[in-house]
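Throughout, the working numbering is defined as the position within the sequence shown, counted from one, plus 193.
Positions of the beta carbon are idealized from the N, C-alpha and C atoms, including for glycine.
Here the structure is laid out as structure tokens; the discussion comes afterwards.
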Amino acid sequence: MKPILAVALLVAVSASAVARAQEWNRAGLSDGALTASKASAAPAPKRDLTGIWDAGGQGIAGPGHESAPWTDWAKQKAASFRPGNGPRAVYENDINDPLSTVCDPTGFPRQVLYETRPFQIVQTPTQVLILYMFEKRWRVVWTDGRALPKDPDPRWYGYSVGHWEDDDTFVVNTIGTDERTWLDNSGNPHSADLMVEERYHRVNHDLMELTVTLDDPKAYTRPWMPRNRMPLALAPANFDMMEMICSPTEVMDFRKNISERTNNK
């Protein structure tokens, strides 16, 4: 075999292997995908959010959200919270965030306010299913015309109903969330009376915007909007979401290692 041909075959085989490897365990899209999605000329399909969506770096945990002013109830509720981010951040060993220390469920609305990793939307005639990569959780949004329950028992992810406002905007209303969950990684609290509105607006075929409004008079002096038209890019059809699960044994090992390193200094 001629050397040039051999090299060409080697490159082709290597590229094919890399391509196959990239079909699995994808952590997310690059931020460049959002730029490309904004420039897409293809129109949005009507009343269809099907696909895998990703906010890129904008959705990943940061310093937390600047909330509306807290009520006295919220101040008392969060007095014992020791977050790892935000203005009240503490050292690693002192964090008591139930998500990162004991692997409690992320819960809602934290699932869309913190670590907003890729998620998949599946539509049926009576439901919209949202499958999250982070912690491998899912939500059911009922679209069969039912009303929200009057006095619901709290759930980690609450109770959700949705409707189409127009051909491009899907609105979700959620109540009945468990107040054991934090709103984000900076330790913003919420009560069981929290009402959440999500607006999924499909701009074009490859771009969607998410707006989240929180209304919790028991905890905040006014409604506030921690997500305002956050862009979401449509992932390729063969995009395989990686597994991101909080394992209690791994968390214990991690905290043990941190503690040992701190004590040895």
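Q | According to DSSP, residues forming a beta bridge with Phe-274 | A | Position 81 of the sequence shown, counted from the first residue, corresponds to residue 274. In the DSSP output, where bridge partners are listed per residue, Phe-274 has none listed.
Q) In chain order, what residues of the same chain lie with their CB nearer than 6 Å to the CB of Pro-441, ignoring the 5 residues before and after it? A) By 1-based counting over the sequence shown, the position of residue 441 is 248. Counting only Cβ-Cβ distances below 6 Å, and skipping sequence neighbours, we find Cys-296.
**Q.** CA-to-CA distance, Trp-331 to Arg-348, given in whole angstroms
**A.** Start at 1 with the first residue of the sequence shown, and residue 348 comes out as number 155. Start at 1 with the first residue of the sequence shown, and residue 331 comes out as number 138. Going from the Cα of Arg-348 to the Cα of Trp-331 covers about 13 Å.
Q.
In whole angstroms, give me the CA-to-CA distance for Ala-235 and His-398.
A. Numbered from 1 along the sequence shown, position 42 holds the residue referred to as residue 235. Numbered from 1 along the sequence shown, position 205 holds the residue referred to as residue 398. Distance between the alpha carbons of Ala-235 and His-398: 5 Å.
**Q.** Integer-rounded CB distance, given that Arg-422 should sit under 8 Å from Pro-291
**A.** In the sequence shown, counting from the first residue as 1, residue 291 sits at position 98. In the sequence shown, counting from the first residue as 1, residue 422 sits at position 229. About 30 Å separates the two Cβ atoms, so there is no contact after all.
Q | Candidates Leu-222, Arg-240, Lys-270 and Glu-285: closest to Met-445 by CA position | A | One-based indexing of the sequence shown puts residue 445 at position 252. Taking only the C-alpha atoms, the option nearest Met-445 is Glu-285.
Q. What's the C-alpha gap between Phe-447 and Asp-359?
A. Numbered from its first residue, the sequence shown carries residue 447 at position 254. Numbered from its first residue, the sequence shown carries residue 359 at position 166. If I take the Cα positions, the gap works out to 48 Å.
Q) Which word fits Gln-304, buried or exposed, when buried means at least 16 other C-beta atoms lie within 10 angstroms of its C-beta? A) Counted from its first residue, the sequence shown places residue 304 at position 111. Label assigned to Gln-304: buried.
**Q.** Proximal residues to Gly-380 (C-beta, below 7 Å), its chain only, five neighbours per side dropped
**A.** Taking the sequence shown and counting its residues from 1, one reaches residue 380 at position 187. Within the same chain, Gly-380 has close Cβ partners Ala-271, Phe-274, Pro-276, Gly-279 and Arg-281.
Q: Please say whether Ala-428 and Ile-253 have beta carbons closer to each other than 8 Å?
A: Taking the first residue of the sequence shown as 1, we reach residue 253 at position 60. Taking the first residue of the sequence shown as 1, we reach residue 428 at position 235. No, they are not a contact pair.
Q.
Going by DSSP in three states, Ser-353 sits in which element: helix, strand or coil?
A. Residue numbering aside, residue 353 sits at position 160 when the sequence shown is read from its first letter. Correct three-state label for Ser-353: strand.
Q: Could you please give me the residues that DSSP links to His-383 through a beta bridge?
A: The residue you call residue 383 lines up with position 190 of the sequence shown. None; His-383 has no bridge partner.
Q | For Phe-327 and Thr-370, believed in contact at Cβ under 8 Å, the rounded distance | A | On the sequence shown, residue 370 is found 177 positions in, with the first residue counted as 1. On the sequence shown, residue 327 is found 134 positions in, with the first residue counted as 1. In fact, because the Cβ distance is near 17 Å, the residues do not count as touching under 8 Å.
Q) Which same chain residues, not among the five before or five after Ile-288, have their C-beta less than 8 Å away from its C-beta? A) In the sequence shown, residue 288 corresponds to position 95, counting from 1. For Ile-288, where only same-chain residues beyond five positions count, the Cβ hits under 8 Å are Arg-275, Pro-276, Gly-277 and Thr-294.
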